[in-house]
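Enquirer:
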Amino acid sequence: MDAPETAEPLGEPLFLEFFYLLRRSGIPVTTREWLTFVEALDKGLVAASLDRFYAIGRATMVKNERYYDLFDQCFTHFFLGADPPHALVKAVDEWLENPLPMPELTPEELAAMEKLDLDELKRRFEETLREQDERHDGGSKWVGTGGRSPFGHSGVNPSGMRVGGEGRSRSAVQVAAQRRFRDYRADLVLDTRQIGVALRKLRKLGRNELRTELDLDDTIDATAKNCGDLEIVMRPPRDNELKLLLLMDVGGSMDPFALLVSRLFSAAHAASHFREFHAMYFHNCVYEQLYKSARLMDGMGTVELTRWLAPDTRLVIVGDAHMAPYELTARNGAIDYFQNNDEPGFVWLERLKKHFTHSVWLNPLSKRTWGHPTINLVSQIFPMFELTLEGLEEAVKRLSIAPHASA
Amino acid sequence: MLALQRLREPPVIESFSGTESYIASQELSEAVNVALALERPLLIKGEPGTGKTLLARAVAEQLKRPLYTWHVKSTSRAVDGLYVYDAVQRLQDSRFGDKDIHDIRQYIRFGALGRAFLSESPVVTLLDEIDKADLEFPNDLLHELDAMSFTVVETGDVHTAKVRPLVVITSNNEKELPDAFLRRCIFHFIAFPEPALMARIVRVHHPHVRQTLLDEALARFYWLRSLPELRKKPSTSELIDWLGAMLRGGLTEEALAQRIPYLGTLLKKEQDVESVARRGRGWTKH
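Residue numbers (this note's numbering), protein chains in the order written: chain S, 386 to 792; chain E, 44 to 329.
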């Protein structure tokens, strides 16, 4: 088939649209990565296959599994979308594989070709199978190869359903539509491992600039260069200087998040790279007492705690900040009646904020609900972040910046 | 003419499709082939036990290329993979040896990446567990991986790859990798295998396992993985060990109906074993 001469090269404008779709949907694709993809096209790697378009597009442009789900959605939108641009229909036709010669299609034939969604496609497929009773290649209805029917393989139909062929059981469109990577999204729940990875970012600020450790390799190097006269080279130690205090709200409205908070705790606890790690508990709001156990036993005075911990200890408070306003603003407002606090909760919160140079509040509630009065009030004291992977990363960034900037 | 024609030309490159002992998904094979064709590094991420390291071996085996491996450690420096200048040997020789110590070249030892660049024929290089090293480590290799060339500072020699090797990099996701590094790589995330693929993988290791036992074992395995309270989910290699233990112990699917034998081969944390014990025979409800 002769390729028609056109002023603009076929293909590129279309892919460009896909590129911008990816960017619009929040996948951080850069020009460099797009050019890599174009290079793959140029080398003929995509070779008229939608499956390959999917695999190669993703491998060249998506660099984190957390965006795989978004990519799947873009892909299905782009190729199964209700009203795809005409240029797309045409180009997809060109891409599909064809062990049999590609049938010549007039624009009228193309226009006549139906665009179907997956459910409709499955239903029609089953119907067609019932009607069909022999092998069939070519043509526009039966399941076979080299035809224009939506079913079979090596055919040309934009929303085609693959039936067998080359040991591939699912077409890219169907695979993408399954959204297998939903669990890897960053805005969903966290597992211990992901929390660990996020917390590890706190590590780099642990670098001590003082050169107090013997650098054996460089000493040998320097000594050899120095004709064997001993030349000592020192280097800064790699220990993490970071101290972390984790304050966790337990009980009541936090119960639904108990698992999530325990994951955060176990990740922080397992992260052996902190110089100090302390975890304390409170119920709803911090007052003069904090507790070493989640059952709110084994108390310790909040003032005592601030004397004991250096101001450069990073403070992370986890709680929904969802309480009755008086718990925050009134004397004796604490939810537990035995806790007769002389000072209202927010005074205690501000005291903590003042003592520690770096502090954040992680809220397991979704940002949409942060209009609640007490959440609003607390977020004016502490920078508040959602307890999701994204939120945690933001919070870690906040904890890593220079102290004067965070004041 | 045209983009269209180029699109239709079948690619003439060596390609990878998985081997007898390494089952690669379609998407993984495509990623390998893109990396081969574009001569870019291939970054492989995935849960432990999804076969990231084995991939490089399988690719080397199928393409009949030698494999150079560099196991990155927390103390690894980027330059170590290229070459190491053996100053100690030189110092030693200056005192006791009869070698010409002015010839510095004999004290340059090339690393896995350095040898790959020097090779006359194409090779596969594996940078295993790049996330183990310092955060800056990947950035230190940007130029070398881009240009596939490096300079030996001690001698001033510049070595540029005559044939660009396939560089396979694995990451266990212990650390986020720098964006500049990611932009240069072809990326593939090996998703945890679905039961059907897992059955094939297990068959590679235990060819004679009875289908009924395998089905039951897989059901338990995926049930365990679905428990939200587990701190460390069992992975493929643990499943294979577990089945191995059951086969050697002569256990049958009946034993599985009552309890999960050899739970310790699947779960490595005490809390996890406890929470599964608390659940009891929870899987029967599923």
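All C-beta atoms, glycine included, are put in the ideal place defined by N, C-alpha and C.
A quick note: this is a predicted structure, and the numbers were derived from the prediction, not measured.
Answer yes or no: does any C-beta atom of chain E fall closer than 7 angstroms to that of Val474/S?
Expert: A caution first: Val474/S carries a pLDDT of 39, below 50, which makes its placement in the model unreliable, though a value can still be read off. Answer no: the Cβ-Cβ gap between Val474/S and chain E never drops below 7 angstroms.
Enquirer: For the segment 108-120 of chain E and the segment 293-306 of chain E, state whether three or more C-beta atom pairs, one from each stretch, are separated by less than 8 angstroms.
Expert: Touching, no, given that fewer than three Cβ pairs across the two stretches are closer than 8 angstroms.
Enquirer: Beta carbons nearer than 8 angstroms to chain E: which residues of the segment 432-447 of chain S have them?
Expert: The segment 432-447 of chain S vs chain E, Cβ under 8 angstroms: Ala432, Ala433, Asp436, Arg437, Tyr439, Ala440, Ile441, Arg443, Ala444, Thr445 and Val447.
Enquirer: Using a Cβ cut-off of 7 angstroms, which residues of the segment 626-646 of chain S contact any Cβ in chain E, in chain order?
Expert: Residues Leu644.
Enquirer: Give the single residue among His654/S, Gly636/S, Arg409/S and Pro729/S whose Cα lies nearest to the Cα of Arg803/S.
Expert: Nothing in the structure corresponds to residue 803/S, since chain S is present only between 386 and 792.
Enquirer: List the residues of chain E whose Cβ lies closer than 8 angstroms to the Cβ of Leu750/S, in chain order.
Expert: In chain order: nothing, as chain E lies at least about 19 angstroms away.
Enquirer: Name, please, each residue of chain S whose Cβ falls closer than 8 angstroms to the Cβ of His182/E.
Expert: For the sequence presented, residue 182/E should be read as Asn rather than His. What Asn182/E touches in chain S: nothing, since even the nearest Cβ is about 13 angstroms away.
Enquirer: Please say whether Pro768/S and Val732/S have beta carbons closer to each other than 7 angstroms?
Expert: Contact: no.
Enquirer: Excluding the 5 residues flanking Glu136/E on each side, which residues of the same chain have their C-beta closer than 7 angstroms to its C-beta?
Expert: Before going further, note that residue 136/E is Asp rather than Glu in the sequence given. Taken in chain order, the residues that qualify are Lys142 and Ile144.
Enquirer: For Val414/S, name the three-state secondary structure that DSSP assigns.
Expert: It is coil, neither helix nor strand.
Enquirer: State the start and end residues of the unbroken alpha helix (DSSP H) segment that holds Val781/S.
Expert: Leu774 to Ser785 is the span of the alpha helix (DSSP H), which, as asked, contains Val781/S.
Enquirer: For Leu700/S, which residues of its own chain have a beta-carbon under 6 angstroms away from its beta-carbon, when the five flanking residues on both sides are left out?
Expert: Answer for Leu700/S: Leu630, Phe741 and Ser744, listed in chain order.
Enquirer: Unbroken beta strand (DSSP E) runs of length 3 or more, entirely within the segment 636-704 of chain S: which are they?
Expert: For the segment 636-704 of chain S, whole beta strand (DSSP E) runs of length 3 or above, ordered along the chain, are 661-667, 674-676, 684-686 and 699-703.
Enquirer: Let me know if Gly89/E comes out buried or exposed under the rule of 16 or more other beta-carbons within 10 Å of its beta-carbon.
Expert: It is buried - the Cβ of Gly89/E has at least 16 other Cβ atoms within 10 Å.
Enquirer: Report the option in Pro696/S, Ala664/S, Val703/S and Ser647/S whose CA atom is closest to the CA atom of Gly684/S.
Expert: Out of Pro696/S, Ala664/S, Val703/S and Ser647/S, Ala664/S has the C-alpha closest to the C-alpha of Gly684/S.
Enquirer: Glu551/S by DSSP, collapsed to three states: which one?
Expert: Residue placement at Glu551/S cannot be trusted, given a pLDDT of 36 that sits under 50; the coordinates are not used to answer.
Enquirer: Give, in chain order, every residue of the segment 255-289 of chain E whose Cβ lies closer than 7 angstroms to some Cβ of chain S.
Expert: Within the segment 255-289 of chain E, the qualifying residues are Pro271, Glu272 and Arg274.
Enquirer: Using three-state DSSP, classify Asp518/S as helix, strand or coil.
Expert: Interpretation of Asp518/S is limited by its pLDDT of 46, a score under 50 that renders its predicted location unreliable; the figure taken from the coordinates is listed afterwards. Reduced to three states, the DSSP call for Asp518/S is coil.
Enquirer: Only counting the same chain, and skipping five residues up and downstream in sequence, which positions put a Cβ closer than 6 angstroms to that of Phe235/E?
Expert: Counting only Cβ-Cβ distances below 6 angstroms, and skipping sequence neighbours, we find Glu90.
Enquirer: So Ala706/S and Pro729/S are in contact, right, with Cβ under 8 angstroms, and what is the actual spacing, rounded?
Expert: About 15 angstroms; that fails the 8 angstroms criterion.
Enquirer: Whose Cβ in chain E lies nearer than 8 angstroms to the Cβ of Arg660/S?
Expert: Under the 8 angstroms cutoff, chain E gives no residues; its nearest Cβ is about 18 angstroms from Arg660/S.
Enquirer: Answer yes if the segment 638-647 of chain S comes into contact with the segment 604-624 of chain S, meaning at least three C-beta pairs across the two stretches below 8 angstroms, and no otherwise.
Expert: No contact exists between the segment 604-624 of chain S and the segment 638-647 of chain S.
Enquirer: What residues are listed by DSSP as bridge partners for Arg152/E?
Expert: Answer is Val127/E, bridged to Arg152/E.
Enquirer: Please compile the residues from chain E whose C-beta is within a distance smaller than 8 angstroms of the C-beta of Asp606/S.
Expert: What Asp606/S touches in chain E: Tyr128 and Ala130.
Enquirer: Which value, in whole angstroms, describes the spacing of the CA atoms of Ala679/S and Leu777/S?
Expert: Answer to the nearest angstrom: the Cα atoms are 22 angstroms apart.
Enquirer: Sort Pro250/E, Arg246/E, Glu281/E and Glu63/E by Cα distance to Arg263/E and report the nearest one.
Expert: Considering only alpha carbons, the answer is Glu281/E.
Enquirer: Under 7 angstroms, do Leu71/E and His248/E count as touching if we go by C-beta distance?
Expert: Taking 7 angstroms as the Cβ cut-off, Leu71/E and His248/E do not qualify as a contacting pair.
Enquirer: Within a Cβ cutoff of 7 angstroms, which residues of the same chain sit near Lys311/E, ignoring the five residues on either side of it in sequence?
Expert: Around Lys311/E: Lys275.
Enquirer: Would you mind working out which of Ala432/S, Arg451/S and Asp640/S sits nearest Asn216/E, comparing C-alpha positions?
Expert: When each option's Cα is compared against that of Asn216/E, the closest is Arg451/S.
Enquirer: Cutting at 7 angstroms between CB atoms, please list the residues of its own chain near Tyr128/E, excluding the five before and the five after it.
Expert: Answer for Tyr128/E: Tyr150, Ile151 and Glu197, listed in chain order.
Enquirer: Rounded to whole angstroms, what's the CA-CA distance from His186/E to Ile87/E? Just pull it up for me.
Expert: Each residue's Cα considered, the two are about 20 angstroms apart.
Enquirer: In its own chain, which residues sit with a C-beta less than 8 angstroms from the C-beta of Phe180/E, not counting the 5 before and 5 after it?
Expert: The residues are Val115, Ser119, Arg120, Ala121 and Ile173.
Enquirer: Would you say Arg783/S faces chain E, with C-beta separation under 7 angstroms as the test?
Expert: Not an interface residue.
Enquirer: Please name the residue or residues paired with Phe59/E in a DSSP beta bridge.
Expert: None, per the DSSP bridge assignment.
Enquirer: For the candidate residues Leu430/S, Gly429/S, Phe400/S and Val431/S, whose alpha-carbon lies nearest to that of Thr416/S?
Expert: Answer by Cα proximity: Phe400/S.
Enquirer: Using only the alpha-carbon positions, how far apart do Asp222/E and Ala709/S sit?
Expert: So the alpha carbons of these two residues sit roughly 44 angstroms apart.
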